[in-house]
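Quick note on numbering: the UniProt record's numbering labels position 22 of the sequence shown as 22, and the sequence is numbered without any gaps.
Reading through the structure tokens given below for one structure.
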Amino acid sequence: MIRDTLSVEAGDVRLALYVSGPRDAAPIVLVRGYPAAAIVWEPVRAHLDARYRVINYDVRDPDASTVNARAASV
1 MIRDTLSVEA GDVRLALYVS GPRDAAPIVL VRGYPAAAIV WEPVRAHLDA
51 RYRVINYDVR DPDASTVNAR AASV
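Below, the structure written as structure tokens:
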């Protein structure tokens, strides 16, 4: 369950961040590989966010994040 959706901007790139869990809990940052979107962590988040502040993000482009014109292709 994603409770907050935030974004971080640097130049012309915006990364979408997803945060859930108690605000005063120990943080856990979930990172996954390209090209999957952050939604792949939802089953894991469901088990963690009762005890931890769970933070994950979309890499550039797959979902809510942006990619700039100079981005490298894979």
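The C-beta atom is built at its ideal place from N, Cα and C for all residues, glycine as well.
Contact between the segment 20-31 and the segment 46-62 is defined here as three or more beta-carbon pairs at a separation below 8 Å; is this criterion met? yes
Give me the Cα-Cα distance between Ala46 and Arg3, rounded to the nearest whole angstrom. Within the sequence shown, the letter at position 46 stands for residue 46. Within the sequence shown, the letter at position 3 stands for residue 3. Cα to Cα, the separation comes out at about 12 Å.
Bounding residues of the beta strand (DSSP E) (the contiguous stretch that carries residue 85): In this structure the chain extends from 1 to 74, so residue 85 is not present and cannot be described.
Could you name the residues of the same chain whose beta carbon sits closer than 8 Å to that of Asn56, not counting the 5 residues immediately before and after it, in chain order? Counting from one through the sequence shown, the residue named residue 56 turns up at place 56. Same-chain partners within the cutoff: Leu17, Tyr18, Val29, Leu30, Val31, Arg32, Ala38, Trp41, Arg45.
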